[in-house]
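Data first, discussion second: the structure below is written as structure tokens.
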Amino acid sequence: MNLSLVGNRPSVAKDAQALKLITESEKLADQASDEVRNISHLLHPPDLDAVGLVAAIRWYTTRFSERSGIAVKLNLPADLCRLPQDEEIALFRVAQESLTNVQRHSGSKVARIRIVQHAHEVDMEIEDKGHGLPDGVLRQERESVESLGVGIGGMRERLQQLGGRLEITSGPKGTKVKAMVPRPPAEPVNQDVDAPNT
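Note that this note's numbering has the sequence shown beginning at -7, numbered continuously upward.
Written out as structure tokens, the structure reads:
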């Protein structure tokens, strides 16, 4: 708004160079606003709160494939139970981070995300067909979370805080990231009990 006001001043309107710079700055501000909106949706898509983890992962992977050219195969249960918000966010972040690593480091053109729900746990696996993690990365991660910043170490920390865990296996034929979180106990079914006759 301030740029528009400055651009409308008579003294600026007569200065072609200043007017050009202001117009370019307005375009850059619009682009920055659009990028912030896109990033905020990618970091925490509206679908995650509204309709759950499965829909959010479908939404994200569609856009990821469009941007990266990496095909992501999904094996997601239609009846996945709703998890506590912190757990859904953590699993979504693991999927994001893992796919980012596939794109940046693996060389794989395909990835797979699979979610399985057990009686007391929900497991999510992200696999690729790339050349595996560089030598020493997993050993380094076990020795020092801080050395890897918010990547693998950050994922592990987030899950441990929720009572979950992270397992990573990697070799020359690909990498598998497995995240596990506790499944909340099922809600008890209310049963009407007839009052005794008096």
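The C-beta atom is built at its ideal place from N, Cα and C for all residues, glycine as well.
Model, not experiment: these values are computed from the prediction.
Whole alpha helix (DSSP H) elements within the segment 47 to 114, 4-residue minimum: 77 to 93
Neighbour-count burial assignment, E89, 16 or more Cβ in a 10 Å radius: buried
Sequence-distant residues of the same chain with beta carbon closer than 8 Å to P69, five excluded per side: V46, I107, V108, Q109
Separation of L125 from M172, as counted between CA atoms: 21 Å
G163 (DSSP reduced to helix, strand or coil): strand
Beta-carbon proximity check, V94 vs D71, cutoff 8 Å: Taking 8 Å as the Cβ cut-off, V94 and D71 do not qualify as a contacting pair.
Assigned secondary structure, P2 (DSSP; H/G/I helix, E/B strand, else coil): helix
Residue from A82, G61, V43 with nearest C-alpha to K170: A82
Beta-carbon spacing of R175, V86 below 8 Å: The Cβ atoms of R175 and V86 lie no closer than 8 Å to each other.
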